[in-house]
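K.L.:
Per this note's numbering, the sequence shown starts with residue 7, numbered consecutively.
The structure under discussion is supplied below as structure tokens; questions concerning it will follow.
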Amino acid sequence: MTGAEESPSFRLAYVPGVTPTKWVRIWNERMPDVPLVLTGVPDAEASDLLREGRFDAAFARSPLDRTGLSVIPLYTETTVVVVPKDHVVAAVDEVTAEELADEIVLHPLDDTLAWERPPGRPAFERPATTADAVELVAAGVGLLVVPQSLARLHHRKDLTYRPLTEVPVSGVGLCWREDRTTELMEQFIGIVRGRTVNSSRGRPTPPQPKAKPKPKPKAKGAAGGAQGGTAGRGRPRRGAGAPKAAGRGAAKRRKPRRG
Numbered sequence: 007m008t009g010a011e012e013s014p015s016f017r018l019a020y021v022p023g024v025t026p027t028k029w030v031r032i033w034n035e036r037m038p039d040v041p042l043v044l045t046g047v048p049d050a051e052a053s054d055l056l057r058e059g060r061f062d063a064a065f066a067r068s069p070l071d072r073t074g075l076s077v078i079p080l081y082t083e084t085t086v087v088v089v090p091k092d093h094v095v096a097a098v099d100e101v102t103a104e105e106l107a108d109e110i111v112l113h114p115l116d117d118t119l120a121w122e123r124p125p126g127r128p129a130f131e132r133p134a135t136t137a138d139a140v141e142l143v144a145a146g147v148g149l150l151v152v153p154q155s156l157a158r159l160h161h162r163k164d165l166t167y168r169p170l171t172e173v174p175v176s177g178v179g180l181c182w183r184e185d186r187t188t189e190l191m192e193q194f195i196g197i198v199r200g201r202t203v204n205s206s207r208g209r210p211t212p213p214q215p216k217a218k219p220k221p222k223p224k225a226k227g228a229a230g231g232a233q234g235g236t237a238g239r240g241r242p243r244r245g246a247g248a249p250k251a252a253g254r255g256a257a258k259r260r261k262p263r264r265g
């Protein structure tokens with residue numbers, strides 16, 4: 007089989023913390039002949055990989071460089087602070103950025119939040135990844151502020167997290183190249199947006215058969231003549247047709263009276 011004859015596939019990337027399981031399952035049910043290839047990628051690389059044509063679509067986290075990309079926002083994530091379970095923050099329902107002013111807050115190099123000025127006091131060194139920062143939180147080095155999905159992804163029994171207010175938030179969206187809105191891309195957009203299997207949006211409209219021309223009505227004169235001929239051959243009119251048969255009075259003549 008040559009490259010041109012290879013079966014099509016749909017290449018989907020996703021960033022850490024995003025769970026595309028539901029959409030992948032629906033795709034496999036509706037498009038069993040088109041395999042979906044799922045690949046995890048770092049947040050910082052998702053948009054570049056799309057522009058390079060390495061993937062057909064990606065679930066990426068904002069903020070991101072949208073140059074040349076179409077983006078459908080899906081949801082906004084809650085920002086949380088990850089702390090040891092015995093930390094004072096664990097005793098409250100939520101915390102503000104100001105309340106972290108005296109805490110060492112880790113700021114990993116792969117941080118996805120758009121900070122003007124991160125809360126708390128900076129650590130001596132920035133961790134390379136969020137996973138590394140979580141290990142440092144467990145070691146009691148500092149706290150970590152991340153989207154809630156990343157806190158869940160790196161969950162540990164000795165750590166917990168609380169919502170953090172008055173700070174930036176991130177969102178997750180479906181992204182693809184503007185110049186590659188293919189039929190398969192339209193199908194996946196429909197799945198993510200919740201369209202049913204019978205929805206025609208995004209599918210080509212099948213050609214409709216041409217209507218057959220209606221037969222022309224017959225001329226009134228011809229129709230009338232035909233009806234008249236039929237009537238003539240039907241039930242004879244009263245008084246027409248064969249001569250009347252002689253009645254009994256004609257057959258039997260009266261006898262003259264005798265005087």
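Every residue gets a Cβ at the ideal spot worked out from N, C-alpha and C, and that includes glycine.
Going by the DSSP bridge assignment, what does L119 pair with across the sheet?
P.N.:
As a working note, residue 119 is residue 113 in the sequence shown. DSSP lists no partner for L119.
K.L.:
Taking only three categories from DSSP, how would you classify V95?
P.N.:
As a first step, residue 95 is located in the sequence shown; it is residue number 89 there, counting from the start. It is helical.
K.L.:
Have a look at A137 and G46 and give me their C-alpha separation to the nearest angstrom.
P.N.:
Position 131 of the sequence shown holds residue 137. Position 40 of the sequence shown holds residue 46. Using only the alpha carbons, I get a separation of about 15 Å.
K.L.:
Are the segment 123-139 and the segment 71-81 in contact at 8 Å, needing three or more beta carbon pairs?
P.N.:
No: fewer than three Cβ pairs fall under 8 Å.
K.L.:
If we ignore side chains and look at the alpha-carbon of each, how far apart do F143 and L106 end up?
P.N.:
Here residue 143 refers to the residue found at position 137 of the sequence shown. Here residue 106 refers to the residue found at position 100 of the sequence shown. Contrary to the premise, residue 143 reads as Val rather than Phe in this sequence. One C-alpha to the other measures close to 14 Å.
K.L.:
Please classify V203 as buried or exposed, where buried requires at least 16 other C-beta atoms within 10 Å of its C-beta.
P.N.:
Mapped onto the sequence shown, residue 203 falls at position 197. Exposed.
K.L.:
Just to confirm, are G148 and I195 a CB contact at a threshold of 7 Å?
P.N.:
For the purposes of this step, residue 148 is identified with residue 142 of the sequence shown, where counting begins at 1. For the purposes of this step, residue 195 is identified with residue 189 of the sequence shown, where counting begins at 1. Taking 7 Å as the Cβ cut-off, G148 and I195 do not qualify as a contacting pair.
K.L.:
Express the C-alpha separation of D71 and A129 in angstroms, rounding to a whole number.
P.N.:
Here the question's residue 129 lines up with position 123 in the sequence shown. Here the question's residue 71 lines up with position 65 in the sequence shown. Their Cα atoms are separated by approximately 28 Å.
K.L.:
Which residues in the same chain as D116 place their Cβ atom closer than 7 Å to its Cβ, once the five residues preceding and following it in sequence are excluded?
P.N.:
Translated into the one-based positions of the sequence shown, residue 116 becomes position 110. So the list reads P48, D49, A50, T135 and T136, once near-sequence residues are dropped.
K.L.:
Within the same chain, show all residues whose beta-carbon is closer than 8 Å to that of S76, passing over the 5 residues directly before and after it, in chain order.
P.N.:
As a working mapping, residue 76 is identified with position 70 in the sequence shown. Result list for S76: C181, W182, R183, E184 and T187, in chain order.
K.L.:
Using only CA atoms, which one of V89, P174 and P22 lies nearest to R162?
P.N.:
In the sequence shown, residue 162 corresponds to position 156, counting from 1. The option with the nearest alpha carbon to R162 is V89.
K.L.:
CA-CA distance, G126 and D164?
P.N.:
Here residue 126 refers to the residue found at position 120 when the sequence shown is read from its first residue. Here residue 164 refers to the residue found at position 158 when the sequence shown is read from its first residue. Each residue's Cα considered, the two are about 22 Å apart.
K.L.:
Going by DSSP, what residue range makes up the alpha helix (DSSP H) through F16?
P.N.:
Locating residue 16 in the sequence shown gives position 10, counting from the first residue. Careful: F16 lies outside any alpha helix (DSSP H), inside the beta strand (DSSP E) at F16 to Y20.
K.L.:
According to DSSP, T135 sits in a beta bridge with which residue or residues?
P.N.:
Walking along the sequence shown from the start, residue 135 turns up at place 129. None; T135 has no bridge partner.
K.L.:
On the CB-based measure, 16 or more other CB atoms within 10 Å of its CB, does D62 come out buried or exposed?
P.N.:
For this step, residue 62 is matched to residue 56 along the sequence shown. D62 is buried by the Cβ-count criterion.
K.L.:
For E141 and T27, what's the separation of their Cα atoms in angstroms?
P.N.:
Here residue 141 corresponds to residue number 135 of the sequence shown, with the count starting at 1. Here residue 27 corresponds to residue number 21 of the sequence shown, with the count starting at 1. In a straight line, the C-alpha of E141 is about 27 Å away from that of T27.
K.L.:
In terms of residues, what are the limits of the beta strand (DSSP E) holding A63?
P.N.:
What you label residue 63 is simply residue 57 of the sequence shown in a count that begins at 1. Where A63 is concerned, the enclosing beta strand (DSSP E) stretches over A63 to S68.
K.L.:
So, with DSSP's three-state summary, where would you put V198?
P.N.:
Taking the sequence shown and counting its residues from 1, one reaches residue 198 at position 192. Helix, per DSSP.
K.L.:
Are there 16 or more other CB atoms within 10 angstroms of the CB of V152, so buried, or fewer, so exposed?
P.N.:
Residue 152 sits at position 146 when you count from the first residue of the sequence shown. The residue is buried, with at least 16 neighbouring Cβ atoms inside 10 Å.
K.L.:
Where does the unbroken beta strand (DSSP E) through R168 begin, and where does it stop?
P.N.:
The residue you call residue 168 lines up with position 162 of the sequence shown. Taken as a continuous stretch (DSSP letters only), the beta strand (DSSP E) holding R168 covers L165 to T171.
K.L.:
Could you say which of L150, D108, A66 and P169 lies nearest to G177 if we only look at CA atoms?
P.N.:
The sequence position of residue 177 within the sequence shown is 171, counting from 1. Comparing Cα positions, the closest option is A66.
K.L.:
Got a sec? Which residues, its chain only, sit under 6 Å from Q154 by beta carbon, not counting five neighbours each side?
P.N.:
As a working mapping, residue 154 is identified with position 148 in the sequence shown. So the list reads E83, T84 and V86, once near-sequence residues are dropped.
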